[in-house]
Amino acid sequence: MSVFVAYKGRQLVFWLALIAYPITASGIEFLGPDTQLNGFVSQAFIQSEHHNFYGNSTQGSFGLTEIGANVHHRFHPQLSGSVQVISRRAGEMDDGTPRLDYALLDYRYHSTMNGFAGIRLGRVKLPVGLYNDTRDVAITRPGIMVPQSVYLEGLALRDFFLSADGALAYAHWFGASNHALQIEGGLAVPTRLSAQTRDAFLLDMPVNGSLRMDSGQAVRALYEWGGGQIRLGATGVQVRNRYHPQAGDFIADGRIDLDVLILSGEWNRERFTLTGEGVYRRLAAQDFGPLPNRINHQNGYYLQGSYRFHPGWEAFIRHDIHWMDRRDRSGKAQAQASALLGRPAPEHAFFQRHHVVGLGWRFQPQWLLRTEWHDIEGTALTPWQDNPQFSTERGKANWGLFAVQLSYSF
């Protein structure tokens, strides 16, 4: 089979050409038994009302395109390497420029019938929640869009939580009676964050300095029973950032501390899956004189039920909610405070609720067609890059979004 995929963005001509080699759902192994190539392509169409999401979606948008390829090579029974490159076009947040998603060496220093342990070095995927590791691959997500409250797709913090340069240690244990435990812990090296991430943390203030991550750690524990019938997890993330102003900036060299706790659970049966995750975030911005110090205690959660009613077909329903301040879930106090600071925003700018129904059809092992409808209240997680009017007004509180996506993976 021959596959040729070409996509052109403003700064991109991205080719995946695989000629005269068989493609299977498990990847391509034409480079030998120790090397495997995998990839994916997905294209979505989004139509929304009142507010844009991934492009000019109020007029209908094909602004969500994802292309990726990865290669895995085993150098030695205990040593392997993996690299993945991704091109993602998502409205005004991502322009399709290829980026290195991960590039790592994996040394498995312990392996027995009861488990294994190792360490990964390089650019590693961050262990966050149930879906962060593979959220770029459309067929591994619980819908066209991951739950917004936990995974923050619309706040320009997506790349911040995806991967980091550093080290990740991991250990897996397999116990009696179908019990299993997986623990991962990662350390990120200090680095300068992107301007987009800086603007998200600083609420799009008109500044030109740089935001640097001084330290970052993430730990995740996942327990499984019955070969995945029950999955329980907990994730902890701690990040310390410091802002370095440039001449002309009106704020000082303050710091932003972020602490995250995510609790996850999943129950799987032959035809049913029930998934839920809850998140708590503590975001502290300090020493940004003349601005006052502030601490936000954010909360959110989602619950999703999926039903596989026919071979290849799956329907789901999801309730997804996020509060910018768990002590002010209506947004009233935050709206009043924003007016005092000279940046007035309505109450619905400080929370967002999604009620989602969706349908998926895997008509071939490598092909997946999905569609979903979002009934939304609030705009706290709606991308301001796609909605420049948010700088002066936050539009309507109640709006909706329809999406359809076709995905191919090999």
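For the sequence shown, the numbering used here assigns the number 3 to the initial residue and increments by one for each residue that follows.
Glycine included, every Cβ here is placed at the ideal spot set by N, Cα and C.
Checklist line | Three-state secondary structure assigned by DSSP to residue 282 | finding: DSSP, read as helix, strand or coil, puts residue 282 in strand.
Notebook entry, point to check: Okay, do the stretch 359–367 and the stretch 332–350 touch, 3+ Cβ pairs below 8 Å being the bar?
Noted result: Cβ pair count under 8 Å is below three, so no.
Next item on the list: Starting from the N-terminal side, write out each stretch of the beta strand (DSSP E) that is 3 residues or longer and does not extend beyond the stretch 114–189.
Entry: Those beta strand (DSSP E) runs which fall completely within the stretch 114–189 and span 3+ residues are 117–127, 165–176.
Check: residue 136: which of 88, 374, 168, 398 sits nearest, CA to CA?
Finding: Per the Cα distances, 88.
Check: To the nearest angstrom, how far is it from the Cα of residue 299 to the Cα of residue 114?
Finding: Cα-Cα distance, rounded: 43 Å.
Note to self: Strictly by DSSP, which residues pair up with residue 218?
What the structure shows: Under DSSP, residue 218 forms a beta bridge with 190, 241.
Check: For residue 2, which of 294, 91, 349 has the nearest alpha-carbon?
Finding: Summary: the structure shown does not reach residue 2, with the chain confined to residues 3 through 412, and so no result is reported for it.
Next item on the list: Specify whether the stretch 137–155 and the stretch 181–200 touch according to this definition: at least 3 beta carbon pairs, one from each stretch, less than 8 Å apart.
Entry: Three or more Cβ pairs closer than 8 Å define a contact, and the stretch 137–155 falls short of that threshold against the stretch 181–200.
Notebook entry, point to check: So, do the stretch 372–387 and the stretch 166–174 have three or more beta carbon pairs nearer to each other than 8 Å?
Noted result: Segments in contact, no.
Check: residue 91: buried (16+ other C-beta within 10 angstroms of its C-beta) or exposed?
Finding: So residue 91 ends up on the buried side.
Note to self: Give me the residue from 145, 187, 98, 217 with the minimum Cα distance to residue 129.
What the structure shows: Comparing alpha carbon positions, the residue from 145, 187, 98, 217 closest to residue 129 is 187.
Next item on the list: Just the C-alpha distance for residue 272 and residue 42, rounded to the nearest angstrom, thanks.
Entry: Cα to Cα, the separation comes out at about 27 Å.
Note to self: Contact defined as beta carbons within less than 8 Å: I believe residue 387 pairs with residue 94. What is the distance between those atoms, to the nearest angstrom?
What the structure shows: About 4 Å; that satisfies the 8 Å criterion.
Notebook entry, point to check: For residue 236, which residues from the same chain have a beta carbon less than 8 Å from its beta carbon, with the 5 sequence-adjacent residues on both sides left out?
Noted result: 222, 223, 263, 264, 265, 266, listed in sequence order.
Next item on the list: Using three-state DSSP, classify residue 452 as helix, strand or coil.
Entry: For residue 452 there is no data in the structure shown, the boundaries of the chain being 3 and 412.
Item checked: Any C-beta of chain B under 8 Å from that of residue 228 -> Absence of chain B from the displayed structure is noted, only one protein chain being present.
Item checked: As assigned by DSSP and simplified to three states, the class of residue 293 -> In the structure shown, residue 293 sits in coil (DSSP, three-state: anything other than H, G, I, E or B).
Note to self: Is the beta carbon of residue 327 closer than 8 Å to that of residue 304?
What the structure shows: Contact: no.
Notebook entry, point to check: If we count the other Cβ atoms within 10 Å of its Cβ and call it buried at 16 or more, is residue 356 buried or exposed?
Noted result: With 16 or more other Cβ atoms within 10 Å, it is buried.
Note to self: Per the DSSP calculation, residue 331 is bridged to which residue(s)?
What the structure shows: According to DSSP, residue 331 shares a beta bridge with no other residue.
Note to self: Give me, in chain order, the residues of the same chain whose beta-carbon lies closer than 7 Å to that of residue 181; leave out the 5 immediate sequence neighbours on both sides.
What the structure shows: Sequence-distant Cβ neighbours of residue 181 in its own chain, meaning closer than 7 Å and more than five residues away, are 227.
Notebook entry, point to check: So what does residue 366 bridge to, in DSSP terms?
Noted result: Paired residue(s): 369.
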